[in-house]
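**Q** Can you read through this structure? Questions will come right after.
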Amino acid sequence: MYDPFQIDRLIDLWLAEDIGYCDLTVQVMIEPDEQGHFYMNAREPMTISGIEIAAAIFRRYDKRLDVEVKVKDGDVVEKGAVLLTVRGPARGILTAERTALNIVQRMSGIATETAKYVAAVAGTKARLIDTRKTTPGLRMIEKHAVTSGGGLNHRLGLDNGVMIKDNHIAVCGGIGPAVARARKSLPTLTKIEVECDRLDQVGEALAAGADVIMLDNMSIPDMKAAVELVAGRVPLEASGGIRLDTIGPIAQTGVNYISTSKITQSAPAVDIGLDEAE
């Protein structure tokens, strides 16, 4: 879930970026007392995310705007669905329109793509999780969008957990020493995840006391072997090169989590419009 306080700060940045000194078009064309009534609509099927943020953008720019949200994050809608309505001073609606659309299109695009991956692992024990490969400045809302599509969040940031990767292992002189160093200073309830790209490393990570083991870019046979080796003692995460056409067989290996950046980095924005109400 996103922090409303942080969202207000982000909205101010987004509006300032788009407007600059003023919206010159509405200033020279639209009278201050002119009123408008518009509706935001889905122009293709999608999973919704960011609709309350879009509403907050209109309200923050002009408190006189009356915004009514018709759907909620996580809803699956068909083409033509009305997502929200906004009425009030036309200048405010037209100035904030693009910022509101940009955010809900981006977030709903991520939610829609995530839902496809979640559907692809249905019936297995595997759960889809995201990565830190997000748009700078938009991580909080992009990770919220993942949850709207039925996925789970991995670390929100570097301060959320210990992820021991190949370069950490190289500096520390091995998986065992790396885990020992981390465990020595780690807060009691914080987990340690170790990235492994070979089966022998999986055994080392297990012996060292890792809480979670990542199987990085492993083949399907090696993932199956790792699942047998670990035998449920710690959760296993598969990662690296995960795509919609490969995630199904990976889920069938018995891993607990599958992480991919495709749901955030590569998700296309969906088509949403703002049209005048009749």
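Going by the numbering used here, the letters in the sequence shown line up with residues 965 to 1242, in that order.
The beta-carbon is built from N, C-alpha and C at its ideal position, and this holds for glycine as well.
For V1031, which residues from the same chain have a beta carbon less than 7 Å from its beta carbon, with the 5 sequence-adjacent residues on both sides left out?
**A** Numbered from its first residue, the sequence shown carries residue 1031 at position 67. So the list reads A1019, F1022, R1023, L1048, V1050, once near-sequence residues are dropped.
**Q** Taking Cβ to Cβ, would you say E1077 is nearer than 8 Å to K1043?
**A** Counting from 1 along the sequence shown, the entry for residue 1077 is found at position 113. Counting from 1 along the sequence shown, the entry for residue 1043 is found at position 79. Not in contact: E1077 and K1043 (Cβ atoms no closer than 8 Å).
**Q** Answer yes or no: do L1092 and I1222 have a C-beta to C-beta separation smaller than 8 Å?
**A** Position 128 of the sequence shown, counting from 1, holds the residue named residue 1092. Position 258 of the sequence shown, counting from 1, holds the residue named residue 1222. Result yes, Cβ atoms of L1092 and I1222 sit closer than 8 Å.
**Q** When the Cα atoms are used, what is the spatial distance from S1225 to L1122?
**A** Looking up residue 1225 in the sequence shown gives position 261. Looking up residue 1122 in the sequence shown gives position 158. About 16 Å.
**Q** Would you check if the distance between the CB atom of V1033 and the CB atom of V1041 is smaller than 8 Å?
**A** Walking along the sequence shown from the start, residue 1033 turns up at place 69. Walking along the sequence shown from the start, residue 1041 turns up at place 77. Result no, Cβ atoms of V1033 and V1041 do not sit closer than 8 Å.
**Q** With burial defined as no fewer than 16 other Cβ atoms inside 10 Å of the residue's Cβ, what is the status of R1197: buried or exposed?
**A** Numbered from its first residue, the sequence shown carries residue 1197 at position 233. That one is exposed.
**Q** Under three-state DSSP, which class holds L1011?
**A** Taking the sequence shown and counting its residues from 1, the one referred to as residue 1011 is at position 47. The question names Leu, yet the displayed sequence has Thr at residue 1011. If DSSP states are grouped into helix, strand and coil, T1011 belongs with the strands.
**Q** Taking the Cβ atom as the reference point for each residue, do R1055 and I983 lie within a distance shorter than 8 Å?
**A** Position 91 of the sequence shown, counted from the first residue, corresponds to residue 1055. Position 19 of the sequence shown, counted from the first residue, corresponds to residue 983. Not a contact, by the Cβ cut-off of 8 Å.
**Q** Check the C-beta distance from V1068 over to I1015 and give it rounded, since I have them as a contact under 8 Å.
**A** Start at 1 with the first residue of the sequence shown, and residue 1068 comes out as number 104. Start at 1 with the first residue of the sequence shown, and residue 1015 comes out as number 51. Right, the Cβ-Cβ distance comes to about 6 Å (below 8 Å), so this counts as a contact.
**Q** Below 8 Å CB to CB, which residues in the same chain sit around R1119 once its five sequence neighbours on both sides are set aside?
**A** What you label residue 1119 is simply residue 155 of the sequence shown in a count that begins at 1. Correct list, in chain order: R1096, G1125, M1127.
**Q** Please work out which residues of its chain come closer than 8 Å, Cβ to Cβ, to D972, disregarding the five sequence neighbours upstream and downstream, and give them in chain order.
**A** Counted from its first residue, the sequence shown places residue 972 at position 8. Excluding positions up to five away in sequence, the list reads A1020, R1024.
**Q** Keeping to the same chain, check which residues put their C-beta closer than 7 Å to that of T1099; ignore five residues upstream and five downstream.
**A** On the sequence shown, residue 1099 is found 135 positions in, with the first residue counted as 1. These residues qualify, in order along the chain: E1106.
**Q** Count the CB pairs spanning the stretch 1158-1165 and the stretch 1178-1190 that are closer than 8 Å, and state whether there are at least three.
**A** A contact exists between the stretch 1158-1165 and the stretch 1178-1190.
**Q** Measuring alpha carbon to alpha carbon, tell me which residue in R1207, D1164, T1088, Q970 is nearest N1220.
**A** Numbered from its first residue, the sequence shown carries residue 1220 at position 256. For N1220, the nearest C-alpha among the options comes from T1088.
**Q** When DSSP builds the beta bridges, which residues end up paired with I1222?
**A** If you number the sequence shown from 1, residue 1222 lands on position 258. Answer is L1092, A1202.
**Q** Leaving aside the five residues before and after G1000 along the sequence, list all residues of the same chain whose C-beta is less than 6 Å from its C-beta, in chain order.
**A** Sequence index remark: in the sequence shown, residue 1000 carries index 36 (1-based). Taken in chain order, the residues that qualify are A1054, I1057.
**Q** Give the C-beta separation of M1004 and H1108 to the nearest angstrom, bearing in mind that I take them to be a contact with Cβ-Cβ under 8 Å.
**A** For the purposes of this step, residue 1004 is taken as the residue at position 40 of the sequence shown. For the purposes of this step, residue 1108 is taken as the residue at position 144 of the sequence shown. M1004 to H1108, Cβ: 19 Å. No contact.
**Q** Report, in whole angstroms, the separation of the C-beta atoms of L1200 and A1189, which I expect to be a contact under 8 Å.
**A** Locating residue 1200 in the sequence shown gives position 236, where the first residue counts as 1. Locating residue 1189 in the sequence shown gives position 225, where the first residue counts as 1. Actually they do not touch by this definition, with Cβ atoms about 11 Å apart.
**Q** Classify Y1081: buried if its beta carbon has 16 or more other beta carbons within 10 angstroms, exposed otherwise.
**A** Counted from its first residue, the sequence shown places residue 1081 at position 117. Classification for Y1081: buried.
**Q** Identify whether L1288 lies in helix, strand or coil by the three-state DSSP scheme.
**A** Outside the modelled stretch of the chain, which goes from 965 to 1242, sits residue 1288, for which no answer is possible.
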